[in-house]
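**Student:** Those sequence lines, one after another, are chains A and B.
With my numbering as the guide, the letters of the first sequence map in order to residues 523 to 870.
With my numbering as the guide, the letters of the second sequence map in order to residues 16 to 322.
Glycine included, each C-beta is placed from N, C-alpha and C at the ideal position.
Below is one structure. I have some questions about it.
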Amino acid sequence: MGTDKAAEEAKNNTTEKKAADTELVTVNPRGFRFKRIDGNTKSRIIDTFKSFVLGLGRWVILIGVAYVIIGPVLGIISRSFFSDADNYNTMVYMIPQSPTFERYEIAFDTLNYSSTALSTILYSLTLMMIQVLMCSMVGYGFARYDFPLKKALFGCVVVMIVIPTHTIMLPLYMTFANFDIFGILKLITGSSPNLLGTVWPMYILTFFACGLRSGLYIYIFNQFFRGLPKEIEEAAYVDGCGVWYTYFRIMLRNAIPSAVTVAIFSLVWQYNDTFYAKLFNISDSTLLSKRIASLASTVGNVYKIYDPNILQLYMDAGIVLVILPLVIIYIVLQKQFIEGVERSGIVG
Amino acid sequence: MGKLKKKNRLTLTRKRSAKGFLFIVPWLIGFLCFYLRSLFQTVQFSLSELTVSPGGGYTLDFVGLDNFIYAFRAHGTFKQVLTTSVVNMLVDVPLITFFSLMLAMLLNKKFRGRTLMRAIFFLPVIINSEAILSAMKVVASMMVGGLSSAGAEVSEAASSGVSIGYYIGMFSNLGLPSSLIDYVVGAVGRISNIINASGVQIIIFIAALQSIPGSMYEVAKIEGATAYETFWKVTFPMVMPHIITVVVYTVVDSFINSDVVTLAYNTAFSEKNYGLSSTFSLVSTLITCGILALVVRYIQKRTFYYN
Chain A
523 MGTDKAAEEA KNNTTEKKAA DTELVTVNPR GFRFKRIDGN TKSRIIDTFK
573 SFVLGLGRWV ILIGVAYVII GPVLGIISRS FFSDADNYNT MVYMIPQSPT
623 FERYEIAFDT LNYSSTALST ILYSLTLMMI QVLMCSMVGY GFARYDFPLK
673 KALFGCVVVM IVIPTHTIML PLYMTFANFD IFGILKLITG SSPNLLGTVW
723 PMYILTFFAC GLRSGLYIYI FNQFFRGLPK EIEEAAYVDG CGVWYTYFRI
773 MLRNAIPSAV TVAIFSLVWQ YNDTFYAKLF NISDSTLLSK RIASLASTVG
823 NVYKIYDPNI LQLYMDAGIV LVILPLVIIY IVLQKQFIEG VERSGIVG
Chain B
16 MGKLKKKNRL TLTRKRSAKG FLFIVPWLIG FLCFYLRSLF QTVQFSLSEL
66 TVSPGGGYTL DFVGLDNFIY AFRAHGTFKQ VLTTSVVNML VDVPLITFFS
116 LMLAMLLNKK FRGRTLMRAI FFLPVIINSE AILSAMKVVA SMMVGGLSSA
166 GAEVSEAASS GVSIGYYIGM FSNLGLPSSL IDYVVGAVGR ISNIINASGV
216 QIIIFIAALQ SIPGSMYEVA KIEGATAYET FWKVTFPMVM PHIITVVVYT
266 VVDSFINSDV VTLAYNTAFS EKNYGLSSTF SLVSTLITCG ILALVVRYIQ
316 KRTFYYN
């Protein structure tokens, strides 16, 4: 949002101020110095005290809030190691007396973890790539080119962000229940295919940049590309690059910070998504986020455990298993993510 | 860029604009085929009775406003669920906005352990699945004491030694309006929800704070502004445009997770009453959009745009 202009103006102001200050000092150097020496130690003590109190206050708030966030996570992790006896021993808090891996073993088997996790990650990763590619393309088109009705069309992107997906869930369900583009498929094969229960609806939606929160990603990319200097592309054109070459080899490379942001958001939201998964009835064996919901009842049925408190322990182990891939990805990409958010112009 | 084009309206510009159009074509097709069409269909469904025919298709019988009349006059829970969702949203949005602005300011300062703290604060964004959150609530209530169980403690009015009712009574004796006290008590009770819902908002605000040129703070400092004044005269006006972004995001997000959506979903897929479900979706969406329009207009009037 024209930060360059803002920074320039502010800089001018500062230099003026600095000039005024130095003038003041040269006019009356003694008075200035005298004043500083007088209050020096006093103000230093006050400053130290102030910064100490402020720092303390900040840490109290931050640690308090961090506890609210991390408390349940730690609780889940520690409880997933509880044995039956620990669960009913009121003296046991956080640290189990007789830790057991049994919860993990059973949860691992019931979730069919290795294959389900693999297919979930594959599903989220491919969707993420399509998402980044398509949304960055659309964002770039909106940011750099003029075409008729551009403003109205961009208004439609905002509509996509604002209108909750549940408004259109029924028509989407119907559309994919017998998927057909203007009756073309029916002409060829004789019947329109039912895509529900497969992952195809999600891929189709995402490919047409209408997937999970695509509007938001288009918006982020649009803001980012608008902030890039035009000279980059002009140089590319002068050097004889075509539009597509310029976009793929030059602009997309420059957009890596916002691409990382969008990639992580998209990966995480896709991984956690239950709305579309439920709507399109994607099978449990493909998605962990759907499978985890039925973990407790499955374990109860298979292993004849009827105590809901104990079943909750299996659920905890399952949750740790489900969030493990995300946490690993997050820890690896954490720095790029935060830097990406700061530089990506998510806010313009 | 606009000016340059107006000067020389050549075929080259047209070519460029056609190429630019190519970039957005996939989205345009998707928007028209899936979004716009679906929006129209939602309206259509809500005005008719939908019966799924065995062949996979469906037939529509136009019934006029019957679904709407049924939803508001006869349906058992719709009005109540809708009101609760809207009130919850109206209560939560300002809390989340200001809470996340405050935290973003705390996290934006340079201090040791900042990276770790940020990593923790973005954790709710990462762990954001329905099943996981509901399981976490169970665990949070089992972790005795601490802020995460504050909600349970406030609502139970503490059977242990400390009586929270006593403190609440103390404040009402001060003559503070009871609605304000109720609001604050409610906010404290929901603090865990609020914290967990403000991950993305914190990110947006941190990015906004980073985009404020540091020289503005230098100017404020030289002019002798206190930290309080600096916040209201520099920081707040500069992040004001992003407050709209945050409010829009929060409203939409809280509506997606609200009970109305669940109700609409269940009406459609458990009770197979598609027309009524569309009505629920449509009514709740219209209300959301109305609230959004009002709030955005209200904020926009008071927003200071730097350039």
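(1) Contact check, B/A119 vs B/F246 under 8 Å by CB: the rounded distance?
(2) For the 8 Å Cβ check, are there 3 or more pairs between the region 660-671 of chain A and the region 252-263 of chain B?
(3) Run through chain A and tell me which residues come within less than 7 Å of B/Y243, C-beta to C-beta.
(4) With DSSP run on the structure shown, which of helix, strand or coil describes B/E64?
(5) Am I right that A/F604 and A/L835 are in contact with their C-beta atoms under 8 Å? What's the rounded C-beta distance?
(6) What are the complete alpha helix (DSSP H) segments, minimum 4 residues, inside the region 258-286 of chain B?
(7) By Cβ distance below 7 Å, which residues in the same chain neighbour B/S68 in space, the five residues on each side in sequence not counted?
(8) Please confirm if B/I314 has its CB atom under 8 Å from at least one CB of chain D.
(9) For the region 567-624 of chain A, list the beta strand (DSSP E) runs that are entirely contained and at least 3 residues long, ordered along the chain.
(10) Provide the residue(s) that pair with B/L75 in DSSP beta bridges, ordered along the chain.
(11) Which residues of the region 31-45 of chain B have a Cβ closer than 9 Å to any Cβ of chain A? Give them in chain order.
(12) Helix, strand or coil: how does DSSP classify A/A818 here?
(13) Comparing alpha-carbon positions, which option in B/S115, B/F77 and B/R52 lies nearest B/L291?
(14) Find out if the Cβ-Cβ distance for the pair A/C678, B/G45 is shorter than 8 Å.
(15) Would B/T57 pass as an interface residue toward chain A - the criterion being a Cβ-Cβ separation below 8 Å?
(16) Evaluate B/G161 with the Cβ neighbour count: other Cβ atoms within 10 Å of its Cβ, from every protein chain shown; 16 or more gives buried, anything less gives exposed.
(17) Out of curiosity, what's the CA-to-CA distance linking A/A639 and B/S187?
(18) Please report the straight-line C-alpha distance between B/P192 and B/V203, rounded to a whole angstrom.
(19) Determine the burial state of A/G661: buried for a count of at least 16 other Cβ atoms within 10 Å of its Cβ, exposed for fewer.
(20) Shorter than 8 Å from the beta carbon of A/G663 to some beta carbon of chain B?
(21) For A/I841, which residues from the same chain have a beta carbon less than 6 Å from its beta carbon, with the 5 sequence-adjacent residues on both sides left out?
(22) Using a Cβ-Cβ distance cut-off of 8 Å, determine whether A/T768 contacts chain B.
(23) Identify, in the order they occur along the chain, each residue of the same chain with its Cβ nearer than 6 Å to the Cβ of A/L649, setting aside the five sequence neighbours on each side.
(24) Quick check: what's the CA-CA separation for B/V108 versus A/D606?
(25) Please state the DSSP three-state secondary structure of A/K763.
(26) State the Cα-Cα distance for the pair A/G870 and A/M682, rounded to the nearest angstrom.
(27) Please classify A/F556 as buried or exposed, where buried requires at least 16 neighbouring CB atoms within 10 angstroms.
**Tutor:** In this structure, then:
(1) Numbered from 1 along the second sequence, position 104 holds the residue referred to as residue 119 of chain B. Numbered from 1 along the second sequence, position 231 holds the residue referred to as residue 246 of chain B. The beta carbons of B/A119 and B/F246 sit about 12 Å from each other, so the pair does not count as a contact at 8 Å.
(2) Contact between the region 660-671 of chain A and the region 252-263 of chain B is not established, with fewer than three Cβ pairs separated by less than 8 Å.
(3) Here residue 243 of chain B corresponds to residue number 228 of the second sequence, with the count starting at 1. Ordered by position in chain A, no residue passes the 7 Å Cβ test against B/Y243, which lies about 13 Å from the chain.
(4) Mapped onto the second sequence, residue 64 of chain B falls at position 49. Strand.
(5) To locate residue 604 of chain A, count along the first sequence from 1; it is residue 82. To locate residue 835 of chain A, count along the first sequence from 1; it is residue 313. The beta-carbon separation of A/F604 and A/L835, rounded to 6 Å, stays under the 8 Å limit for a contact.
(6) Those alpha helix (DSSP H) runs which fall completely within the region 258-286 of chain B and span 4+ residues are 274-284.
(7) Here residue 68 of chain B corresponds to residue number 53 of the second sequence, with the count starting at 1. Same-chain partners within the cutoff: T74.
(8) Reference to chain D is not applicable here, since the protein chains of this structure are A and B.
(9) Unbroken beta strand (DSSP E) runs of no fewer than 3 residues, entirely contained in the region 567-624 of chain A, are not found.
(10) The sequence position of residue 75 of chain B within the second sequence is 60, counting from 1. The partner list for B/L75 (beta bridge, DSSP) reads B/L65.
(11) Hits within the stretch, in order: R31, S32, A33, K34, G35, F36, L37, F38, I39, V40, P41, W42, L43, I44 and G45.
(12) The count along the first sequence starts at 1 and reaches residue 818 of chain A at position 296. Here DSSP, grouped into helix, strand and coil, assigns A/A818 to helix.
(13) Numbered from 1 along the second sequence, position 276 holds the residue referred to as residue 291 of chain B. Nearest in C-alpha terms to B/L291, of all of B/S115, B/F77 and B/R52, is B/F77.
(14) The residue labelled residue 678 of chain A in the question sits at position 156 within the first sequence. The residue labelled residue 45 of chain B in the question sits at position 30 within the second sequence. Taking 8 Å as the cut-off, the beta carbon of A/C678 is found no closer than this to the beta carbon of B/G45.
(15) One-based indexing of the second sequence puts residue 57 of chain B at position 42. Among the residues facing chain A, B/T57 is included, as its CB has a counterpart in that chain under 8 Å away.
(16) Residue mapping note: residue 161 of chain B aligns to position 146 of the second sequence, counting from 1. Residue confidence for B/G161 is low, a pLDDT of 42 falling below 50, so the modelled location carries little weight; the figure read from the coordinates is stated next. If you draw a 10 Å sphere on the C-beta of B/G161, you find fewer than 16 other C-beta atoms in it, and that means exposed.
(17) Counting from one through the first sequence, the residue named residue 639 of chain A turns up at place 117. Counting from one through the second sequence, the residue named residue 187 of chain B turns up at place 172. Near 54 Å, if we compare the C-alpha coordinates of B/S187 and A/A639.
(18) As a first step, residue 192 of chain B is located in the second sequence; it is residue number 177 there, counting from the start. As a first step, residue 203 of chain B is located in the second sequence; it is residue number 188 there, counting from the start. Rounded to the nearest angstrom, the two C-alpha atoms are 17 Å apart.
(19) Your numbering for residue 661 of chain A matches position 139 in the first sequence. A/G661 is buried by the Cβ-count criterion.
(20) Working through the first sequence from its first residue, we reach residue 663 of chain A at position 141. Under the Cβ distance rule, A/G663 counts among the residues neighbouring chain B, one pair being separated by less than 8 Å.
(21) Your numbering for residue 841 of chain A matches position 319 in the first sequence. Exclusion of the five residues before and after A/I841 leaves I598 as the residues of its chain whose Cβ lies within less than 6 Å of its Cβ.
(22) Counted from its first residue, the first sequence places residue 768 of chain A at position 246. Cβ-Cβ to chain B under 8 Å: no for A/T768.
(23) As a position in the first sequence, residue 649 of chain A is number 127, starting the count at 1. Around A/L649: T728 and Q792.
(24) Sequence index remark: in the second sequence, residue 108 of chain B carries index 93 (1-based). Sequence index remark: in the first sequence, residue 606 of chain A carries index 84 (1-based). Take the alpha-carbon of B/V108 and the one of A/D606: they are about 42 Å apart.
(25) For this step, residue 763 of chain A is matched to residue 241 along the first sequence. Inspection of the sequence shows that residue 763 of chain A is occupied by Cys rather than by Lys. A/C763: coil per DSSP, three-state reduction.
(26) The sequence position of residue 870 of chain A within the first sequence is 348, counting from 1. The sequence position of residue 682 of chain A within the first sequence is 160, counting from 1. Interpretation of A/G870 is limited by its pLDDT of 47, a score under 50 that renders its predicted location unreliable; the figure taken from the coordinates is listed afterwards. Distance between the alpha carbons of A/G870 and A/M682 is about 19 Å.
(27) As a first step, residue 556 of chain A must be located in the first sequence, where it is residue number 34. The predicted position of A/F556 is uncertain, since its pLDDT is 48 and thus under 50; a value taken from the coordinates is nonetheless stated next. By the Cβ-count criterion, A/F556 is exposed, with fewer than 16 other Cβ atoms from all chains shown falling within 10 Å of its own Cβ.
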